[in-house]
Amino acid sequence: LDEKIVDLECNVVKSKKQNEELRKNNKKAKVKAEKLQYQNQDLQNNVKELQNMINNLNEKLDAYKKKESHGLFKSSSESMASSKESIERVSVVSLVDEPSQQLAPTGEKVSIQTPKPSKSKVVIESDSRAPVAAPNSEESKKEISQLRERLERIQDELKVEKEKSTAFENEFVSLQSEKVKVEQERSELEIKLENIQREHERAVEESVEKLEDLERENK
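All letters in the sequence shown, in the order written, are residues 347 to 565 by the numbering used here.
Set out below in structure tokens:
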């Protein structure tokens with residue numbers, strides 16, 4: 347009986363030790379499981395953040411493609427062409443004798459001649475080349491002044507159109523370089539996203555294996 351009692355006491359002590367070890371192991375397993383859960387949650391948050399960044403980059407690329415498809419950067423050249431046509435349609439003034447020449451914005455020369463005292467007839471060549479007689483020199487001076495003002499206005503308009511064209515070209519170059527940069531950034535983010543997804547899968551597999559091992563140890 348004494349031996350049986352001693353054996354029972356030893357078994358009780360062993361059981362207590364085993365229970366204590368199991369309790370400690372369960373606590374460790376619980377802490378590890380929580381830690382792995384937090385790590386997995388962080389990985390999922392990173393995946394979502396990267397996916398949102400890629401979506402934003404895709405929206406930017408779509409916006410650039412829409413601008414290109416709508417011909418935004420062709421409007422400046424068309425406007426320049428219409429401005430050039432309007433300049434080419436400017437009438438050339440030709441008075442008699444003593445020519446003085448001015449250069450129009452398109453490079454063509456506008457001949458302006460002062461009339462002789464004996465001649466009061468002024469001929470203005472229009473687009474149709476139909477001569478128009480002016481009754482006196484005062485009217486001719488007025489018409490010359492108006493034509494000069496018109497040329498100055500057209501010259502100013504041409505300058506503005508050239509500035510707009512330059513601005514559009516600079517914007518186009520900037521958008522093209524930005525587009526290339528965005529595509530590279532998107533490619534890098536996609537690679538990073540794939541790496542994080544693989545890391546996430548490995549972390550899940552490791553957590554499952556560790557939990558299975560801990561369950562076997564507890565049994």
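Where a beta carbon is used, it is the ideal one built from N, C-alpha and C, also for glycine.
key: Beta-carbon gap between residue 563 and residue 371 smaller than 9 Å   = Within the sequence shown, numbered from 1, the residue matching residue 563 stands at position 217. Within the sequence shown, numbered from 1, the residue matching residue 371 stands at position 25. Between residue 563 and residue 371, the gap from beta carbon to beta carbon is short of 9 Å.
| query | With C-beta atoms as the reference, is residue 375 less than 9 Å away from residue 539? | reply | Here residue 375 is taken as the residue at index 29 of the sequence shown, counted from 1. Here residue 539 is taken as the residue at index 193 of the sequence shown, counted from 1. Cβ atoms of residue 375 and residue 539: not closer than 9 Å.
- prompt: For residue 550, does the three-state DSSP call read helix, strand or coil?
  reply: The residue given as residue 550 occupies position 204 in the sequence shown. Residue 550 sits in a helix when the DSSP states are folded into three classes.
Q. Buried or exposed: which applies to residue 537, given that a residue is buried once 16 or more other Cβ atoms fall within 10 Å of its Cβ?
A. Here residue 537 corresponds to residue number 191 of the sequence shown, with the count starting at 1. With fewer than 16 Cβ atoms within 10 Å of its Cβ, residue 537 is classed as exposed.
How long is the line joining the alpha carbons of residue 458 and residue 490, rounded to whole angstroms?
Here residue 458 is taken as the residue at index 112 of the sequence shown, counted from 1. Here residue 490 is taken as the residue at index 144 of the sequence shown, counted from 1. Summary for residue 458: the model assigns pLDDT 41, below 50, so the residue's position carries little reliability; its value from the coordinates is reported in the next sentence. Rounded to the nearest angstrom, the two C-alpha atoms are 8 Å apart.
Check: What's the C-alpha gap between residue 500 and residue 494?
Finding: Locating residue 500 in the sequence shown gives position 154, where the first residue counts as 1. Locating residue 494 in the sequence shown gives position 148, where the first residue counts as 1. Distance between the alpha carbons of residue 500 and residue 494 is about 10 Å.
message = I'd like the list of long-range same chain contacts for residue 560, defined as Cβ closer than 7 Å, with 5 residues on each side in sequence excluded.
response = As a position in the sequence shown, residue 560 is number 214, starting the count at 1. 371 and 375.
Distance between residue 555 and residue 545 (C-alpha atoms, nearest Å)
Translated into positions along the sequence shown, residue 545 becomes position 199. Translated into positions along the sequence shown, residue 555 becomes position 209. Cα-Cα distance, rounded: 15 Å.
query = Out of curiosity, what's the CA-to-CA distance linking residue 369 and residue 384?
reply = On the sequence shown, residue 369 is found 23 positions in, with the first residue counted as 1. On the sequence shown, residue 384 is found 38 positions in, with the first residue counted as 1. Taking the straight line from one Cα to the other gives about 23 Å.
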